[in-house]
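**Student:** When the sequence shown is numbered by the numbering used here, its final residue is 507 and no position is left out of the sequence of numbers. Think of the CB as a built atom: it goes at the ideal place given N, C-alpha and C, for glycine as much as any other residue. All values derive from a computational prediction rather than experimental measurement. One structure, as structure tokens, below. Some questions next.
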Amino acid sequence: MKLSEVVAAVGRAAATSSRLAKIDVLAGLLRGAEPDELAPLVGLLLASPRQGRLGVGWRGIAAVEVAPAEAASLTIADVDRALDELAAVSGSGSSSARSAALEGLAARATATEWDFLARAMLGELRTGALAGVLLDAVARASDRAPAAVRRAAMLSGDLGATALIALTGTAEDLEAVGLAVGRPVLPMLAASATTPGAALEITGEASVEYKLDGARIQVHRHGDEVRVFTRSLADVTHRLPEIVDIVRALPAHDLILDGETLALDEDGGPRPFQETMSRFGADASRELALRPWFFDLLHVDGRDLIDEPLAARLVELERVVGGWRMPGVVTADPEAAERVSREALAAGHEGVVVKAIGSAYAAGRRGKSWVKVKPVLTYDLVVLGAEWGSGRRRGLLSNLHLGARDPEGEFGEPGGFVMVGKTFKGLTDELLRWQTETFPGYETRRTASAVFMRPEIVVEIAIDGVQRSPRYPGGVALRFARVKHYRPDKPAAEADTIQTLRGLLRE
């Protein structure tokens, strides 16, 4: 299959807001793929190449300066081999070797194909081909039951492999995919509510548990062999030996545990999220120890628990992990749930997760059985620029560059603004049109990809917090920023300051 066919199909899927139309387009693409093309094709559609980490960032992509090919010739197989080459680069001279590999791939791609590949490698495709849509497309292309495809993908943790089974195997082959110790599964996800009481109205009686500002981990044990996986199912066992030792000492032979880990300070409080995540890097220092908290048990000693109610799983979890269990209480009382939330916040954590006590473990799903509750922080920031959108947003100014005020000039000119992040979330079609019409009136300069502006427009942004970041002069970046609304009533001089945002960092 030619890459140009994929790019054209993705363009059609991105251009429609209809979920059914997206599914039809992607199903047609999957039907036309050869068996050995399915896994790499799915990886590209999800902007998550099957090779995993490629060692490629936006700086490396931006540094590629080669003339694009005039005619489309690349195939899915060609791209897959090129990504294999990128993923294999390591050791001395890896930077130049990676650049050469990128330039070689870019030179064989047309301008449109390279734009698609760059966004796929960076995880920024934004085509609407999310996992849920693609799962339904696999079901339609293979004429299999959507529930069977979804369960196989959840339990295998690999949508590409699931697509291959669904499209080339039998219905029995698909149903035979099950839970296996050592093979990670997609984690169960949570919906959101504004208060613990509101969450309980959704779940009924529930386990109300601390929500940490840490890293999700899934730990598998078979005898003395222990493997630790991240939320994205990457194997990080060799980087977290202390967690391996803790799980190896638990009273069981076979286990699959779901939990979270973070680093603690000298007083037992949580360190900043960025410090916890630094342990997952290739050059991580092991002087910063991580502590696990486990909140679910999917398998123990030959017994699969994912279809059993949470109440049963918690009994086994308590028996197996004891003091390593996540704090929480089982209750249907809103006051009790509020009390747990206050305790979690006072301890420096994010909030709580409210989990229906009768719910099964729905791997990979964001249903209403789990509901997270954490305070929403909002700040008034200024728009420093906006990038032109792609897909359905092509021709519209979309991704906002956000700045905080720096009254004393601690990070630049006194009274200036310091960039703290970007976001395209929360923008309605009406806001996109308004931005596109309004922003050129504040323009100071532009490039092919963005319009830069005088710092005069104030926008209210909701965030989940901030994290340390060397990318921006102020040393912080917004976490999960989204637009609430514009503030025409506020001048830029009343925007929040970089010092206020830096105050959110836990020292």
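Do you know whose CA, among 218, 399, 418, lies nearest residue 407's CA?
**Tutor:** Here residue 407 corresponds to residue number 407 of the sequence shown, with the count starting at 1. Residue 418 is the option with its Cα nearest to residue 407.
**Student:** Which one or two residues does DSSP pair with residue 419 in a beta bridge?
**Tutor:** Locating residue 419 in the sequence shown gives position 419, where the first residue counts as 1. DSSP, once it has assigned bridges, lists 403 as partnering residue 419.
**Student:** Between residue 129 and residue 22, what straight-line distance do the alpha-carbon atoms span, to the nearest angstrom?
**Tutor:** In the sequence shown, the residue the question calls residue 129 occupies position 129. In the sequence shown, the residue the question calls residue 22 occupies position 22. Bear in mind that a pLDDT of 49 at residue 129, under 50, signals an unreliable position, so the model cannot answer this.
**Student:** Considering only residues of the same chain and omitting the five flanking positions on each side of residue 290, which have a CB-CB separation below 7 Å?
**Tutor:** In the sequence shown, counting from the first residue as 1, residue 290 sits at position 290. Counting only Cβ-Cβ distances below 7 Å, and skipping sequence neighbours, we find 240, 242, 243, 261, 262, 263, 276, 279.
**Student:** Roughly how many whole angstroms lie between the Cα atoms of residue 99 and residue 110?
**Tutor:** Residue mapping note: residue 99 aligns to position 99 of the sequence shown, counting from 1. Residue mapping note: residue 110 aligns to position 110 of the sequence shown, counting from 1. Using only the alpha carbons, I get a separation of about 18 Å.
**Student:** For the segment 17-72, list the alpha helix (DSSP H) runs that are entirely contained and at least 4 residues long, ordered along the chain.
**Tutor:** Complete alpha helix (DSSP H) runs here, min 4: 19-31, 35-45, 58-62.
**Student:** Quick check on this structure: which residue in 195, 267, 186 has the alpha carbon closest to the alpha carbon of residue 229?
**Tutor:** Residue 229 sits at position 229 when you count from the first residue of the sequence shown. Taking only the C-alpha atoms, the option nearest residue 229 is 186.
**Student:** Let me know the beta strand (DSSP E) ranges lying completely inside the segment 226-281, each 3 residues or longer, listed in chain order.
**Tutor:** Within the segment 226-281, the complete beta strand (DSSP E) runs of at least 3 residues are 254-263.
**Student:** Output the boundary residues of the beta strand (DSSP E) element that contains residue 453.
**Tutor:** Here residue 453 is taken as the residue at index 453 of the sequence shown, counted from 1. Start and end: 450-453.
**Student:** What residue does the beta strand (DSSP E) around residue 384 start on, and which one ends it?
**Tutor:** The residue given as residue 384 occupies position 384 in the sequence shown. Here the beta strand (DSSP E) through residue 384 covers 377-388.
**Student:** Check whether the segment 354-365 and the segment 389-400 are in contact - that is, three or more C-beta pairs closer than 8 Å.
**Tutor:** The segment 354-365 vs the segment 389-400: no contact.
**Student:** Measuring straight from C-alpha to C-alpha, what distance separates residue 246 and residue 95?
**Tutor:** What you label residue 246 is simply residue 246 of the sequence shown in a count that begins at 1. What you label residue 95 is simply residue 95 of the sequence shown in a count that begins at 1. Answer to the nearest angstrom: the Cα atoms are 37 Å apart.
**Student:** Would you grab the beta carbon distance between residue 43 and residue 50 for me? Rounded to a whole angstrom, and I think it's under 8 Å.
**Tutor:** Taking the sequence shown and counting its residues from 1, the one referred to as residue 43 is at position 43. Taking the sequence shown and counting its residues from 1, the one referred to as residue 50 is at position 50. Between residue 50 and residue 43 the Cβ distance is about 4 Å, and since that is below 8 Å, they are a contact.
**Student:** In terms of alpha-carbon separation, which member of 201, 45, 269, 184 lies closest to residue 234?
**Tutor:** Locating residue 234 in the sequence shown gives position 234, where the first residue counts as 1. Among 201, 45, 269, 184, the Cα nearest to that of residue 234 belongs to 184.
**Student:** Per the DSSP calculation, residue 462 is bridged to which residue(s)?
**Tutor:** Numbered from its first residue, the sequence shown carries residue 462 at position 462. DSSP lists 378, 482 as partners of residue 462.
**Student:** On the criterion of 16 or more Cβ atoms from any shown chain inside 10 Å, does residue 480 qualify as buried, or is it exposed?
**Tutor:** On the sequence shown, position 480 is the one that residue 480 refers to. Result: exposed.
**Student:** Quick one, are the C-beta atoms of residue 459 and residue 483 less than 8 Å apart?
**Tutor:** Sequence index remark: in the sequence shown, residue 459 carries index 459 (1-based). Sequence index remark: in the sequence shown, residue 483 carries index 483 (1-based). Yes, these two residues count as a Cβ contact at 8 Å.
**Student:** Nearest CA to the CA of residue 438: which residue from 213, 454, 195, 122?
**Tutor:** Taking the first residue of the sequence shown as 1, we reach residue 438 at position 438. The candidate whose alpha carbon is nearest that of residue 438 is 454.
**Student:** Below 7 Å, is the gap between the Cβ of residue 276 and the nearest heavy atom of the ligand HEM?
**Tutor:** By its list of ligands, the structure shown contains no ligand whatsoever, and the ligand HEM lies outside what it can speak to.
**Student:** Does the Cβ of residue 253 have 16 or more other Cβ atoms within 10 Å, making it buried, or fewer, making it exposed?
**Tutor:** In the sequence shown, residue 253 corresponds to position 253, counting from 1. Per the 10 Å Cβ criterion, exposed.
**Student:** In angstroms, rounded to a whole number, what distance separates the CA positions of residue 12 and residue 141?
**Tutor:** In the sequence shown, the residue the question calls residue 12 occupies position 12. In the sequence shown, the residue the question calls residue 141 occupies position 141. Cα to Cα, the separation comes out at about 17 Å.
**Student:** Measure how close the beta-carbons of residue 401 and residue 211 come, nearest whole angstrom, since I'm counting them as under 8 Å.
**Tutor:** The residue given as residue 401 occupies position 401 in the sequence shown. The residue given as residue 211 occupies position 211 in the sequence shown. Going by Cβ atoms, the distance from residue 401 to residue 211 rounds to 30 Å, so no, they are not a contact pair.
**Student:** Can you list, in chain order, the residues of its chain whose CB lies under 8 Å from that of residue 473, leaving out five sequence neighbours each side?
**Tutor:** Reading the sequence shown from its first residue, position 473 is the one you call residue 473. Hits under 8 Å: 411, 412, 418, 419.
**Student:** Is it the case that the Cβ atoms of residue 76 and residue 118 are separated by a distance below 8 Å?
**Tutor:** Reading the sequence shown from its first residue, position 76 is the one you call residue 76. Reading the sequence shown from its first residue, position 118 is the one you call residue 118. Not in contact: residue 76 and residue 118 (Cβ atoms no closer than 8 Å).
**Student:** Here's the rule: buried if 16 or more other CB atoms are within 10 angstroms of the residue's CB, otherwise exposed. What is residue 425?
**Tutor:** Here residue 425 refers to the residue found at position 425 when the sequence shown is read from its first residue. Counting Cβ neighbours within 10 Å, residue 425 comes out exposed, since fewer than 16 surround it.
**Student:** Return helix, strand or coil for residue 8, following the three-state DSSP convention.
**Tutor:** Taking the first residue of the sequence shown as 1, we reach residue 8 at position 8. Residue state, collapsed to three classes: helix.
**Student:** Pick helix, strand or coil for residue 371, following the three-state DSSP scheme.
**Tutor:** Translated into positions along the sequence shown, residue 371 becomes position 371. Residue 371: strand per DSSP, three-state reduction.
**Student:** Let me make sure I understand the geometry here. Which of 165, 206, 157 has the alpha-carbon closest to that of residue 231?
**Tutor:** Mapped onto the sequence shown, residue 231 falls at position 231. When only C-alpha atoms are compared, the closest one is 157.
**Student:** Quick check on DSSP: helix, strand or coil for residue 137?
**Tutor:** As a working note, residue 137 is residue 137 in the sequence shown. Helix at residue 137.
**Student:** If you compare alpha carbons, which of 108, 92, 91 is closest to residue 78?
**Tutor:** Walking along the sequence shown from the start, residue 78 turns up at place 78. Among 108, 92, 91, the Cα nearest to that of residue 78 is on 108.
**Student:** In this structure, what does DSSP give as the bridge partners for residue 218?
**Tutor:** On the sequence shown, position 218 is the one that residue 218 refers to. Paired residue(s): 229, 258.
**Student:** Identify which residue in 17, 20, 37 has its Cα closest to the Cα of residue 5.
**Tutor:** Here the question's residue 5 lines up with position 5 in the sequence shown. Out of 17, 20, 37, 37 has the C-alpha closest to the C-alpha of residue 5.
**Student:** Indicate whether the contact test is met: 3 or more Cβ pairs, each with one atom in the segment 492-507 and one in the segment 370-384, closer than 8 Å.
**Tutor:** Because the criterion of three Cβ pairs below 8 Å is met, the segment 492-507 and the segment 370-384 touch.
**Student:** Using C-beta distances below 8 Å, list every residue in its chain close to residue 152, excluding the 5 sequence neighbours before and after it, in chain order.
**Tutor:** The sequence position of residue 152 within the sequence shown is 152, counting from 1. Closer than 8 Å at Cβ, skipping near neighbours: 162, 165, 166, 174, 175, 177.
**Student:** Leaving out five residues before and five after residue 338 in sequence, what residues of the same chain have Cβ atoms less than 6 Å from its Cβ?
**Tutor:** The residue given as residue 338 occupies position 338 in the sequence shown. So the list reads 196, once near-sequence residues are dropped.
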